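**Q** Could you have a look at this structure, given as structure tokens, before my questions?
Protein chains: 2
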Amino acid sequence: MATTRDRILNAFEALLVGQGSRSATLDAVAEEAGVSKGGLLYHFPSRDDLVVGMLDRLRDMGAKDAEKMRSAPQGAVAYYLETSKHTGSAFDRAMIAAARISQESDARASSALDDLREAWFEVLDEQLDDDELARTVQLLCDALYFNETMGLAEEASMPAVRAILARLGALDVQP
Amino acid sequence: MATTRDRILNAFEALLVGQGSRSATLDAVAEEAGVSKGGLLYHFPSRDDLVVGMLDRLRDMGAKDAEKMRSAPQGAVAYYLETSKHTGSAFDRAMIAAARISQESDARASSALDDLREAWFEVLDEQLDDDELARTVQLLCDALYFNETMGLAEEASMPAVRAILARLGALDVQP
DNA sequence: GTCTATAGATGGATAGAC
DNA sequence: GTCTATCCATCTATAGAC
């Protein structure tokens, strides 16, 4: 069983992702986490502390993911493409939650996401050794990711992207 | 001078884009529009009516934009790529504002954005006559657009996308 | 059409019991 | 560490004057 602290952050993220920041109130988070508002505020003295706690966890997960991508047997491009599919993993949820917060002009959230993208780009560029192509792969995966995040209907996109990346030879790389 | 109604919607959109839905309160919208809260509520009896009014205006602008794209002298792909740059136009603002609302599980906003994308895709597919390529162009432009929307630092992306689209021959099309 | 005043509900946060 | 009770600010919405 996760710690209360983690269950609270999970609840905060889930509400941010599912309903947006407006609905992620202390009351709602407490209820989702199965704790009282007082209990929540013991762990996170203010709503802003929830944001900080969430971004800290995201940075941890991000560092681990970049390492996993670097040594993925199928190559970084294929790994990145696969993990652009929205799996509902804890990491996914934390990224989207951070995106929600960053849209409220929160510099800490924007910078956490920027650093994540930078780390991924470095791995792509290492393996592709083609700056333009690395950026394009990242953009395509961003788009797949964000479209899904926004609930847009784009089932045909993934096969199209795979086909185009094959035309460009981007799927041939090895770690 | 714009009508009061339009100034109110402009203010609502500006707050959604700049600060997020949480900050787009009736008080804040009224102040930004230079009208009292009572005055605002005369035109839009509830906050939800602001959303509906905003989406109506977006649909109008969207229909006009798809037509402009279809007959653009530089071709639909180049037009679409150029207008993916965030210009701060009224249309831009309305799209991003709708994206903010759609993230709160608002089916009306999601559907308005979906319809817009569908209309653009049709034009791209007409001119490219390559389904995969049309989807890819759209995804790349989405990514450029959304990255900018989210305040991510990606100045190098546009030239990279242009270069890759040139490799694919996607920039050669004519209306 | 626009304003002020105010009601009623909800949000963030504190105090203190257990 | 977790809970209940409560305070105060803010938010949506209404009423009614001009």
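Residue numbers (full-length UniProt numbering), protein chains in the order written: chain A, 1 to 175; chain B, 1 to 175. Backbone N, C-alpha and C define an ideal beta-carbon position, used for all residues, glycine too. If you're wondering where the values come from, they're calculated on a predicted model, not measured in any experiment.
#1: Report yes if the CB atom of A119 (chain B) is closer than 8 Å to the CB atom of L128 (chain B), and no otherwise.
#2: Would DSSP call T3 (chain A) helix, strand or coil?
#3: Between which residues of its own chain and K85 (chain B) is the CB-CB distance below 8 Å, once the five residues before and five after are set aside?
#4: Let me know the alpha helix (DSSP H) ranges lying completely inside the segment 70-121 of chain A, each 4 residues or longer, listed in chain order.
#5: What in chain A is Cβ-close to N147 (chain B), meaning under 8 Å?
#6: Against chain A, does Q103 (chain B) count as a neighbour if the rule is that its beta carbon must be under 8 Å from one of theirs?
#7: Check whether the Cβ atoms of A94 (chain A) and V123 (chain A) lie closer than 8 Å to each other.
#8: Quick check for students: name the residue ranges of the alpha helix (DSSP H) that lie wholly in the UniProt DNA-binding region "H-T-H motif" (25-44) of chain B, counting only runs of 4 or more.
#9: Quick check on DSSP: helix, strand or coil for D142 (chain A)?
#10: How about I164 (chain B) and E126 (chain A): do their beta carbons lie closer than 8 Å?
#11: Chain B partners of S157 (chain A), CB-CB under 9 Å?
#12: Using beta carbons (cut-off 8 Å, strictly below), is R22 (chain A) in contact with chain B?
#13: For V51 (chain B), would you say it is in contact with chain A, using Cβ-to-Cβ distances shorter than 8 Å as the test?
#14: Could you tell me which chain A residues have their CB closer than 8 Å to the CB of G18 (chain B), listed as they occur along the chain?
#15: For L168 (chain A), which residues in chain B fall below 9 Å Cβ to Cβ?
#16: Three or more C-beta pairs under 8 Å: does that hold for the segment 4-15 of chain B against the segment 42-55 of chain B?
#17: Please report the straight-line C-alpha distance between F44 (chain B) and G38 (chain B), rounded to a whole angstrom.
#18: In angstroms with no decimal places, state the Cα-to-Cα distance between M69 (chain B) and S21 (chain B).
#19: Taking the alpha helix (DSSP H) that R22 (chain A) falls in, what are its first and last residues?
#20: Please confirm whether L40 (chain B) and A33 (chain B) have their CB atoms less than 8 Å apart.
#21: For a contact meaning CB atoms closer than 8 Å, what does A14 (chain A) contact in chain B?
#22: Does E132 (chain B) have its Cβ less than 8 Å from a Cβ in chain A?
#23: Assuming the contact rule is C-beta atoms closer than 8 Å, S23 (chain B) and E104 (chain A) should be a hit. Round their C-beta distance to whole Å, please.
#24: Report yes or no: is there a C-beta of chain A within less than 8 Å of the C-beta of V123 (chain B)?
#25: Rank B:R57, B:V161, B:A109, B:L113 by C-alpha distance to the C-alpha of D130 (chain A) and give the top, closest one.
#26: Between B:R57, B:V35, B:E31, B:Y80, which lies nearest to L15 (chain B) when the distance is taken from Cα to Cα?
#27: Under a CB-based cut-off of 8 Å, is R100 (chain A) close to chain B?
#28: On the criterion of 16 or more Cβ atoms from any shown chain inside 10 Å, does Q138 (chain A) qualify as buried, or is it exposed?
#29: Would you call residue 176 (chain B) buried or exposed, if buried means 16 or more other Cβ atoms sit within 10 Å of its Cβ?
#30: Measure the alpha-carbon distance for K64 (chain B) versus R100 (chain B) and round it to whole angstroms.
#31: For L55 (chain A), which option in A:L113, A:T87, A:E67, A:T3 has the closest C-alpha, if you only look at C-alpha atoms?
#32: Start and end of the alpha helix (DSSP H) containing L165 (chain A)?
#33: Looking at chain A, is there any beta carbon in it that lies within less than 8 Å of the beta carbon of V161 (chain B)?
#34: Compare the beta carbon distance of G62 (chain A) and L140 (chain A) with 8 Å and say whether it is the shorter of the two.
#35: Please list, in chain order, all residues of the same chain as S102 (chain A) whose beta carbon is under 7 Å from its beta carbon, the five residues on each side excluded.
**A** According to the data block:
#1: no
#2: T3 (chain A): coil per DSSP, three-state reduction.
#3: L144, E148, M158
#4: 76-84, 90-102
#5: Within chain A, the residues near N147 (chain B) are L139, D142.
#6: Yes, its Cβ sits closer than 8 Å to a Cβ of chain A.
#7: No. Outside cutoff.
#8: Taken in chain order, the complete alpha helix (DSSP H) segments of 4 or more residues contained in the UniProt DNA-binding region "H-T-H motif" (25-44) of chain B are 26-33, 37-43.
#9: helix
#10: no
#11: R135, T136, Q138, L139
#12: yes
#13: no
#14: Per Cβ cutoff of 8 Å: S105.
#15: Those within 9 Å of L168 (chain A) in chain B are I164, R167, L168.
#16: yes
#17: 10 Å
#18: 30 Å
#19: No alpha helix (DSSP H) holds R22 (chain A); DSSP gives it neither H nor E.
#20: yes
#21: Those do not exist, as A14 (chain A) stays about 13 Å from chain B at its closest Cβ, beyond 8 Å.
#22: yes
#23: 7 Å
#24: no
#25: Out of B:R57, B:V161, B:A109, B:L113, B:V161 has the C-alpha closest to the C-alpha of D130 (chain A).
#26: B:E31
#27: yes
#28: buried
#29: Nothing about residue 176 (chain B) can be read from this structure; chain B reaches only from 1 to 175.
#30: 22 Å
#31: Comparing Cα positions, the closest option is A:L113.
#32: 157-167
#33: True, the Cβ-Cβ gap to chain A drops below 8 Å.
#34: no
#35: A109, S110, L113
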